[in-house]
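Mind the numbering: the sequence shown is residues 0 to 356 in the numbering used here, read in order. Think of the CB as a built atom: it goes at the ideal place given N, C-alpha and C, for glycine as much as any other residue.
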Amino acid sequence: MREHRFVRVTWRRFFARFAIMLMSLSVSLSLVSRAFGGTAQQPRPTSDQARPRIEPSLFENLEWRNIGPAIMGGRTTDIEGVPGNPNIVYVATASGGLWKTTNGGITWTPIFDRQGTISIGDIAIDPRNPDVIWVGTGESNTRNSVSFGDGVYKSTDGGKTWRHLGLRDTRHISRILIHPQNPDIVYVGAVGHAFGPNEERGVFMTTDGGQTWQKVLYIDAQHGVSDMDIDPRNPNILYAAMWHFERKPWTHRSGSEKGGVFKSVDGGRTWRKLERGLPKLLGRIGVKVAPSNPQVVYVIAESKEGTLFRSEDWGETFREVSREVRIVSRGFYYSDLRVDPWDENRVYAIASSLFVS
């Protein structure tokens with residue numbers, strides 16, 4: 000049984016190693032592309048033999064600097080790059096709108112200042128057309144200073160203009176997923192109101208590019224979606240983390256036995272709860288599919304019975320692989336992770352610090 004042992008990532012080590020995983024969002028992508036004669040739009044290799052090995056020493060002498068958009072800022076909720084053009088990056092913020100750079104971070108432009116809110120929960124870029132950007136408003140990290148949003152927006156011209164597409168009462172959106180083969184199919188995971196119950200929460204699906212929405216996963220007025228992911232090779236398989244929470248100005252309640260991880264195998268039309276190997280009582284949950292091997296699924300969660308769980312059969316059974324409590328420090332606020340796109344065994348836990356296993 001593989002056990003995941005986490006170490007805290009120092010900033011020097013973080014930038015040396017994490018740059019490899021985020022090549023599409025940094026100058027490292029162009030360095031690697033030139034070094035190996037490839038382009039950012041080449042198909043993803045499926046094995047170690049099919050791709051060149053990149054040594055961390057390649058990045059050890061890089062000098063890192065703050066590239067903005069300001070000398071200091073509040074919470075950053077999402078960062079997205081454009082495959083094939085490493086100079087274009089979008090940065091979403093909790094209460095400062097959406098920013099865009101087209102020159103690799105030398106200058107930044109706010110592109111979401113004239114909408115109904117400047118609190119962003121998540122953004123997604125159409126993999127087939129990078130001019131199409133989806134924005135889910137309302138930060139999903141429900142601290143007592145959280146700002147709320149007013150639904151979903153879409154741009155078809157790289158952020159020059161925006162159109163509001165509904166779901167106004169979701170307030171806080173945690174995740175947007177675009178179907179990798181059909182960009183008209185989009186999934187939105189909504190946390191819902193932070194300070195009280197409401198009906199417009201759960202998983203929503205559109206099949207017509209946002210003209211209409213259908214609620215496809217819902218428990219009750221106090222459970223929302225803390226995270227979602229999609230199988231990149233079989234987009235009919237989706238995972239959604241349903242989280243019960245109640246935010247008050249003076250406290251926060253998190254977790255219930257009705258919440259948990261849910262799976263769909265028919266493109267989001269029906270869902271069932273995954274329970275084998277997972278604790279019955281879970282607080283905030285993060286769920287991620289390993290891009291290099293989608294049958295490997297990770298769950299990170301607030302729990303007294305372990306903090307990281309791994310499945311090797313598309314979520315049908317899980318086993319505990321870590322009890323490291325530091326990776327869920329302030330679990331109601333973070334409980335998030337990323338899997339190295341090239342290595343199913345390298346996992347990054349995002350908490351008060353960054354950890355890697």
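Own chain residues within Cβ distance below 7 angstroms of residue i, not counting five before or after
i: E301; result: S253, G254, L281, G282, R283, V327, G330, F331, S334
i: R183; result: Per the sequence shown, the amino acid found at residue 183 is Asp instead of Arg. Closer than 7 angstroms at Cβ, skipping near neighbours: T206, D207, G208.
i: Y114; result: The sequence as given places Gln at residue 114; Tyr does not occur at that position. Answer for Q114: Y152, W161, listed in chain order.
i: H3; result: L307, V320, S321, V346, S356
i: D156; result: D130
i: E256; result: K279, L280
i: I117; result: S94, G95, G96, F111
DSSP-derived helix/strand/coil call for residue i
i: P55; result: helix
i: T141; result: coil
i: R318; result: strand
i: I326; result: helix
i: D339; result: coil
i: R162; result: strand
i: T359; result: With the chain covering 0 to 356 only, the question about residue 359 has no answer from this structure.
i: A93; result: coil
i: D226; result: strand
i: D121; result: strand
i: S146; result: coil
i: N181; result: coil
i: D77; result: strand
i: P231; result: coil
i: S154; result: strand
i: F14; result: Model confidence at F14 stands at a pLDDT of 47, short of 50, so the residue's coordinates are unreliable and nothing is read from them.
i: R268; result: coil
i: S263; result: strand
i: K279; result: coil
i: H3; result: coil
i: W63; result: coil
i: I105; result: coil
i: K257; result: coil
i: W98; result: strand
i: I175; result: strand
i: I87; result: strand
Check whether residue i and residue j have beta carbons under 9 angstroms apart
i: P340; j: S291; result: yes
i: S263; j: M241; result: no
i: T141; j: V187; result: no
i: G314; j: V296; result: yes
i: V260; j: L277; result: yes
i: F203; j: R170; result: no
i: V88; j: G80; result: yes
i: I218; j: G258; result: yes
i: T136; j: G120; result: yes
i: F354; j: R74; result: no
i: W270; j: N143; result: no
i: L166; j: E199; result: yes
i: H192; j: D168; result: yes
Terminal residues of the beta strand (DSSP E) in which residue i lies
i: K272; result: 271-273
i: H243; result: 237-246
i: Y297; result: 296-300
i: A367; result: The displayed coordinates of the chain run from 0 to 356. Any statement about residue 367 would go beyond what the structure contains.
i: R252; result: 251-253
i: Q213; result: 213-216
i: R309; result: 307-310
i: Y186; result: 185-189
i: T136; result: 132-136
i: K287; result: 284-288
i: T205; result: 201-205
i: F354; result: 353-355
Own chain residues within Cβ distance below 8 angstroms of residue i, not counting five before or after
i: K153; result: V131, I132, W133, V134, W161, R162, L164, G208, G209
i: P231; result: P179, V288, P290, P293
i: D342; result: S291
i: N86; result: T100, T101, N102, G103
Backbone CA spacing between residue i and residue j [nearest angstrom]
i: R127; j: K303; result: 42 angstroms
i: W212; j: T92; result: 25 angstroms
i: P234; j: I177; result: 9 angstroms
i: I105; j: E138; result: 26 angstroms
i: R325; j: A350; result: 7 angstroms
i: S360; j: F244; result: The displayed coordinates of the chain run from 0 to 356. Any statement about residue 360 would go beyond what the structure contains.
i: H251; j: K279; result: 20 angstroms
i: Y238; j: I53; result: 31 angstroms
i: I175; j: G150; result: 12 angstroms
i: L273; j: K214; result: 20 angstroms
Residues of its chain near residue i, where Cβ-Cβ distance is below 6 angstroms and the 5 sequence neighbours each way are ignored
i: R337; result: Y347
i: P196; result: A220, Q221
i: I236; result: D230, V264
i: D77; result: A91, D121, I122
i: F374; result: With the chain covering 0 to 356 only, the question about residue 374 has no answer from this structure.
i: T108; result: K99
i: G362; result: Given that the chain is displayed from residue 0 to residue 356, the structure contains no residue 362 and the question cannot be resolved.
i: F194; result: R246
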